[in-house]
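Novice: If you're matching positions, the sequence shown starts at 1 in the UniProt record's numbering and goes up one per residue.
Note that CB positions come from ideal geometry on N, CA and C, so glycine has one too.
Let me begin by handing over the structure; questions about it come next.
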Amino acid sequence: MNKFINIFIFTITLVSFLIIISKNETYLAFLPLSYMIGNIFLIISKNANLNYTKYVMGVLGFIRFVLIPTLIAITGDKIIDSLPLGHSYFNKAIAYMSIEYVILTAIFLLLSNLFNKRKKLIQIYYLVGSKNVYYIFIVIVFLIFLVVPSTRESLSFLIIKTDATGRGSEETNSFAVLIRMYVQLALALIFVILSYRAYKIYQINPKFRYIILPLILGLINISLIVGERRSIQLYTLVSVLMITSVLFKKHRKKINSIILGVGIVVLGLMTLYKELYIFNYSSYSAAIRASSEKPLKIVDDLQSYFYGPSNVAASIDYLNFYPGSLNQLGYDIGRSLFGLNFFIRSDRLITSQLFNELIYGNQQLTGHLISSAGYGIIYFSPFLFFIPVLFNLILSTIFEIIIRNTNGLEILFIATYMYVRVVTNMFGNPIPIVTLISSVIVLYSIIIFISILLKRPKNL
């Protein structure tokens with residue numbers, strides 16, 4: 001099966017290369033060519049311990065190095081309309097992207113050879129912490145959530161509310177953000193605890209009725225929407241699927257199909273909300289009717305979200321306005337580290353905000369993303385620009401190894417959540433990764449660590 005898939009991908013990539021050449025886009029043809037070379041390294045890698053990372057790299061690489069350049073060649077649409085920077089650096093961006101992917105896959109092959117020890121298949125899963133501690137934590141969090149109105153702002157269930165008043169702000173006080181994170185953890189712990197209880201019964205009598213409650217709780221987890229960020233839904237969705245897959249193996253296809261279906265619906269509705277500017281309309285149907293007359297900008301969206309050449313070129317152009325100083329890099333890192341950021345003044349802008357300020361002026365400081373290559377070009381020179389993508393790769397391998405070697409369900413859920421965040425951002429600026437991981441590790445570890453300390457030995 002793998003051999004067939006590899007041949008199919010190679011064929012599609014070759015066709016892409018020929019289409020691009022036929023359109024006289026010689027520079028653009030280097031992208032599918034570099035994907036072919038990088039894919040050879042991925043194929044050579046036989047380490048099953050890092051298969052998740054390998055497959056995600058392959059899929060993201062295909063979109064970025066095969067699909068996007070093919071569509072650019074066919075449509076002739078090279079430039080992201082809403083991105084006025086970097087138009088003259090398009091070909092240079094292609095060179096950076098091609099080199100980055102080949103280096104990334106070569107280093108992945110090296111890591112695969114280093115971490116190739118066969119691991120034993122985990123058969124038994126358990127809770128590493130005290131259920132009583134978790135119950136106390138859950139009750140306290142939901143009491144605060146019910147009593148303090150600010151903690152409920154920007155939270156929706158299944159579908160984001162719209163009232164034609166415009167886009168809501170996600171800026172809020174630190175306490176409200178803390179409680180929202182703990183609400184997410186509380187819901188995850190409820191799901192994990194009751195899944196574990198069902199799992200113990202399921203081991204003796206594997207009937208579908210015993211997994212109905214975990215299924216419902218899993219659906220609740222993925223239906224809780226915080227702000228407008230679709231990515232959070234994706235991380236939670238994969239984490240829920242991981243738990244149900246390892247605990248309920250006989251019925252995992254059935255239960256995972258239901259969870260995946262609901263997850264796709266939620267993500268689809270969130271995509272409509274964001275892409276069709278539904279927050280400016282009184283209903284989803286009104287927004288869809290209004291948008292039916294607007295032309296689709298598929299290539300622009302793909303380049304924006306998957307870091308196409310136009311996106312990378314804008315980062316190169318950034319250096320014509322701001323220097324890539326070590327002082328600014330240190331400020332980015334300090335502001336991104338949870339705990340340390342409380343001691344750092346916030347009266348300056350981080351790089352992503354400076355980048356968007358160039359694009360939008362003072363109107364907004366978010367919108368366009370910075371790629372790993374772009375961030376590397378800004379701060380690590382043209383010779384070491386691949387450092388950010390290697391950082392993303394190393395983090396991905398660490399979390400995948402944790403996932404494959406833990407039988408603690410809480411650890412598995414949280415590690416999967418962080419892994420999906422890192423690996424899906426393989427070609428992105430690593431600073432947002434550091435922000436999420438540092439906050440999750442600190443805040444969630446406090447609860448998990450206390451529950452482990454207070455767990456009675458007989459419950460182990």
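#1: Under 8 Å between C-beta atoms, does Ala-29 make it to chain D?
#2: So, using beta-carbon positions, are Ile-401 and Asn-47 closer together than 8 Å?
#3: Within 10 angstroms of the Cβ of Ser-445, are there 16 or more other Cβ atoms? Answer buried if so, exposed if not.
#4: Can you say whether Tyr-318 is buried or exposed, counting buried as having 16 or more other CB atoms within 10 angstroms of its CB?
#5: Under the DSSP definition of a beta bridge, which residues are partnered with Thr-225?
#6: Identify whether residue 540 lies in helix, strand or coil by the three-state DSSP scheme.
#7: Pair every Cβ in the region 404 to 417 with every Cβ in the region 345 to 352, then say whether three or more of these pairs are closer than 8 Å.
#8: Got a sec? Which residues, its chain only, sit under 8 Å from Val-19 by beta carbon, not counting five neighbours each side?
#9: Let me make sure I understand the geometry here. Which of Leu-247, Ser-130, Met-242 has the alpha-carbon closest to that of Ile-450?
#10: Give the DSSP bridge partners of Ser-371, in chain order.
#11: For Tyr-126, does the three-state DSSP call read helix, strand or coil?
#12: Measure from the alpha carbon of Met-418 to the alpha carbon of each residue in Gly-334, Gly-374, Leu-237, Gly-339, then state which is nearest.
#13: Looking only at DSSP bridge pairs, what is Gly-339 linked to?
#14: Would you kindly work out how many angstroms separate the C-alpha atoms of Phe-175 and Gly-86, rounded to a whole number?
#15: From Pro-309, Pro-382, Leu-302, pick the residue whose C-alpha is nearest to that of Gly-324; which is it?
#16: Check whether the region 242 to 252 touches the region 189 to 204, counting contact only when three or more Cβ pairs, one atom from each stretch, lie closer than 8 Å.
#17: Please return the same chain residues whose Cβ sits closer than 8 Å to the Cβ of Asp-81, not counting the five positions on each side in sequence.
#18: Would you be able to state if there are at least three C-beta pairs under 8 Å between the region 329 to 340 and the region 389 to 401?
#19: Using the three-state DSSP reduction, which class does Gly-376 fall into: helix, strand or coil?
#20: What is the residue span of the alpha helix (DSSP H) that Tyr-419 lies within?
#21: So what does DSSP say about Val-59, is it helix, strand or coil?
Specialist: On the basis of the supplied data:
#1: Here there is only one protein chain, and chain D is not present.
#2: Translated into the one-based positions of the sequence shown, residue 401 becomes position 401. Translated into the one-based positions of the sequence shown, residue 47 becomes position 47. The answer is no: Cβ separation not under 8 Å.
#3: Here the question's residue 445 lines up with position 445 in the sequence shown. The residue in question, Ser-445, is exposed, as its Cβ has fewer than 16 Cβ neighbours within 10 Å.
#4: The sequence position of residue 318 within the sequence shown is 318, counting from 1. It is buried - the Cβ of Tyr-318 has at least 16 other Cβ atoms within 10 Å.
#5: Residue 225 sits at position 225 when you count from the first residue of the sequence shown. Note on identity: in this sequence residue 225 is Ile, with Thr being the wrong assignment. Its beta-bridge partners are Ser-156.
#6: Outside the modelled stretch of the chain, which goes from 1 to 460, sits residue 540, for which no answer is possible.
#7: no
#8: Residue mapping note: residue 19 aligns to position 19 of the sequence shown, counting from 1. In the sequence as presented, Val is not what sits at residue 19; that position holds Ile. Excluding sequence neighbours, Ile-19 sits near Thr-70, Ala-73, Ile-74.
#9: Residue numbering aside, residue 450 sits at position 450 when the sequence shown is read from its first letter. Measuring from the Cα of Ile-450, the nearest candidate turns out to be Ser-130.
#10: In the sequence shown, counting from the first residue as 1, residue 371 sits at position 371. According to DSSP, which records beta bridges pairwise, Ser-371 is partnered with Gly-428.
#11: The sequence position of residue 126 within the sequence shown is 126, counting from 1. Tyr-126: strand per DSSP, three-state reduction.
#12: In the sequence shown, residue 418 corresponds to position 418, counting from 1. Nearest C-alpha to Met-418: Leu-237.
#13: Within the sequence shown, numbered from 1, the residue matching residue 339 stands at position 339. As far as DSSP is concerned, Gly-339 takes part in no beta bridge.
#14: Here the question's residue 175 lines up with position 175 in the sequence shown. Here the question's residue 86 lines up with position 86 in the sequence shown. Their backbone Cα atoms lie some 40 Å apart in a straight line.
#15: Here residue 324 refers to the residue found at position 324 of the sequence shown. When each option's Cα is compared against that of Gly-324, the closest is Pro-382.
#16: yes
#17: For the purposes of this step, residue 81 is taken as the residue at position 81 of the sequence shown. Counting only Cβ-Cβ distances below 8 Å, and skipping sequence neighbours, we find Lys-297, Asp-300.
#18: no
#19: In the sequence shown, counting from the first residue as 1, residue 376 sits at position 376. Note: Gly-376 maps to helix in three-state DSSP.
#20: Position 419 of the sequence shown, counted from the start, is the residue given in the question as residue 419. Per DSSP, Tyr-419 belongs to the alpha helix (DSSP H) from 409 to 423.
#21: Translated into the one-based positions of the sequence shown, residue 59 becomes position 59. Helix, per DSSP.
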